[in-house]
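My numbering applies: residue 4 is where the sequence shown begins, and numbers increase by one.
From the three backbone atoms N, C-alpha and C, an ideal C-beta is built for every residue, glycine too.
Nothing here was measured: the structure is a model prediction, and the numbers come from that model.
Remarks on the structure that follows.
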Amino acid sequence: MTQLFGWIAMVLAVSGVWMNNHRMRLCFVLWFFSNGISAVLHMAEGMWPLVVRDVIFNCLAVHGFLLWGRKKGTGK
């Protein structure tokens, strides 16, 4: 089951990069779920530095989603 979730996280992450390259805001949603799955998998294996990285990446995904949702030129 761990392998399946690893593959799902990988597909979501790669799809997110593709969407980012095409300036699609949905990339951040995919990364949020990909990083969340990865964090759980890393936690189960006791890989704490990677859990911290996944949490930071999730925060950055939320930040990017919010930034890309703002109207251009307003700063808000």
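Inset, instruction - Return yes when the Cβ of Asp57 is within less than 7 Å of the Cβ of Ala42, no when it is not. - result: Residue 42 sits at position 39 when you count from the first residue of the sequence shown. Residue 57 sits at position 54 when you count from the first residue of the sequence shown. Yes, the Cβ-Cβ distance between Ala42 and Asp57 is below 7 Å.
Inset, instruction - To the nearest angstrom, report how far apart Leu33 and Ala16 are at their CA atoms. - result: Stepping through the sequence shown from its first residue, residue 33 is reached at position 30. Stepping through the sequence shown from its first residue, residue 16 is reached at position 13. Rounded to the nearest angstrom, the two C-alpha atoms are 7 Å apart.
Inset, instruction - Helix, strand or coil for Arg56, going by three-state DSSP, please let me know. - result: Reading the sequence shown from its first residue, position 53 is the one you call residue 56. Looking at Arg56 - three-state DSSP - the assignment turns out to be helix.
Legend entry - Cys62 to Asn38 span [Cα, whole Å]: Residue numbering aside, residue 62 sits at position 59 when the sequence shown is read from its first letter. Residue numbering aside, residue 38 sits at position 35 when the sequence shown is read from its first letter. Approximately 10 Å, taken between the alpha carbons.
Legend entry - Whole-angstrom distance between Arg28 and Phe68, CA atom to CA atom: Taking the first residue of the sequence shown as 1, we reach residue 68 at position 65. Taking the first residue of the sequence shown as 1, we reach residue 28 at position 25. One C-alpha to the other measures close to 6 Å.
Inset, instruction - State the DSSP-derived secondary structure class of Gly49, mapped to helix, strand or coil. - result: Position 46 of the sequence shown, counted from the start, is the residue given in the question as residue 49. Gly49 falls in the coil class under three-state DSSP.
Legend entry - Limits of the alpha helix (DSSP H) - the one that Met22 falls within: Along the sequence shown, one-based indexing puts residue 22 at 19. Its alpha helix (DSSP H) spans residues 5–24.
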